[in-house]
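Here the UniProt record's numbering is used: position 120 in the sequence shown is 120, and no number is missing along the way.
Where a beta carbon is used, it is the ideal one built from N, C-alpha and C, also for glycine.
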Amino acid sequence: MLPLDRRAVLTVVGAAWLGSFAGCLDGPSSGGPPYETREVDDGSLFGPGLQDENERAYYAALVADAEATSHFDWEQAGDADRAFVEETDFAESYLGLVQVGQLTSSMRFEVVDCKESDVNLTVVLAVRDDEPHSDDRVITTLLFRMTSDRRRVPENVAVELDVGDHHETFSGGRAGTDS
1 MLPLDRRAVL TVVGAAWLGS FAGCLDGPSS GGPPYETREV DDGSLFGPGL
51 QDENERAYYA ALVADAEATS HFDWEQAGDA DRAFVEETDF AESYLGLVQV
101 GQLTSSMRFE VVDCKESDVN LTVVLAVRDD EPHSDDRVIT TLLFRMTSDR
151 RRVPENVAVE LDVGDHHETF SGGRAGTDS
């Protein structure tokens with residue numbers, strides 16, 4: 001009878017030990033700084049970015065200072081979009097921008113992970129299609145405000161994007177520079 005009790009104890013202890021890791025497997029953790037996001041489905045919000053909603057294309061950039069906000073098309077932007085950009089304190093934060101063409105307005109970005117180094121901001125995104133599904137084509141822009149203790153804004157943004165079974169990687173530099 002002792003081996004049966006030992007087996008039961010080991011089973012319970014093993015299950016409890018595995019159960020303690022269950023929350024760790026739910027989703028990836030972010031090693032990056034705090035961020036806020038704003039998603040816009042109203043066309044080309046950023047001048048150097050995408051222009052044709054029927055073209056499958058990708059664009060990414062970092063907006064590191066107030067001067068670079070001149071690239072935003074304020075006539076295209078809604079009040080909340082403009083407020084999001086204007087509320088950015090560039091002494092403590094910077095903006096990242098990702099644009100994807102040929103999505104539908106029912107699709108939404110989900111930030112899976114975000115990491116920052118002195119050189120790169122790496123963003124991992126997944127696109128989810130909410131119901132009811134739509135069949136229109138839009139340029140979807142994800143703005144993210146990165147708040148950091150760092151005094152240095154990364155030079156580049158690298159994006160990993162999953163749309164269904166399609167995986168895409170692309171990158172960009174700081175807006176207003178030739179990099």
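Measure the beta-carbon distance from residue i to residue j and round it to whole angstroms, keeping in mind my assumption that it falls under 8 Å.
| i | j | result |
| --- | --- | --- |
| Asp-41 | Thr-140 | 5 Å |
| Arg-38 | Phe-90 | Between Phe-90 and Arg-38 the Cβ distance is about 16 Å, and since that is not below 8 Å, they are no contact. |
| Leu-161 | Val-100 | 7 Å |
| Tyr-94 | Ala-64 | 5 Å |
| Glu-92 | Thr-147 | 6 Å |
| Glu-168 | Tyr-58 | 6 Å |
| Val-159 | Ala-60 | 5 Å |
Residue i bridges to which residues according to DSSP?
| i | result |
| --- | --- |
| Ser-93 | Thr-147 |
| His-71 | DSSP output for His-71 lists no bridge partner at all. |
DSSP state of residue i, grouped into three classes?
| i | result |
| --- | --- |
| Asp-113 | strand |
| Val-85 | helix |
| Asp-129 | strand |
| Asp-136 | coil |
| Asp-118 | coil |
| residue 244 | Coverage of the chain is limited to positions 1 through 179, which leaves residue 244 absent and any answer about it impossible. |
| Glu-160 | strand |
| Gly-172 | strand |
| Thr-141 | strand |
| Arg-108 | strand |
| Val-98 | strand |
| Val-123 | strand |
If we ignore side chains and look at the alpha-carbon of each, how far apart do residue i and residue j end up?
| i | j | result |
| --- | --- | --- |
| Leu-45 | Gly-172 | 16 Å |
| Leu-143 | Gln-102 | 18 Å |
| Val-138 | Asp-81 | 16 Å |
| Glu-131 | His-71 | 33 Å |
| Asp-73 | Arg-174 | 17 Å |
| Asn-120 | Asp-165 | 26 Å |
| Asp-26 | Met-107 | With a pLDDT of only 31 at Asp-26, under the threshold of 50, the placement of this residue in the model should not be trusted; the figure read from the coordinates follows. The alpha-carbon atoms of Asp-26 and Met-107 are separated by roughly 22 Å. |
| Asp-113 | Arg-145 | 14 Å |
| Ser-105 | Asp-135 | 8 Å |
| Pro-48 | Leu-125 | 21 Å |
| Val-153 | Gly-96 | 11 Å |
| Lys-115 | Ala-68 | 23 Å |
| Gly-176 | Asp-118 | 19 Å |
| Glu-75 | Gly-43 | 11 Å |
Ordered list of beta strand (DSSP E) runs contained in the region 37-65, each at least 3 residues: 58-63, all fully within the region 37-65.
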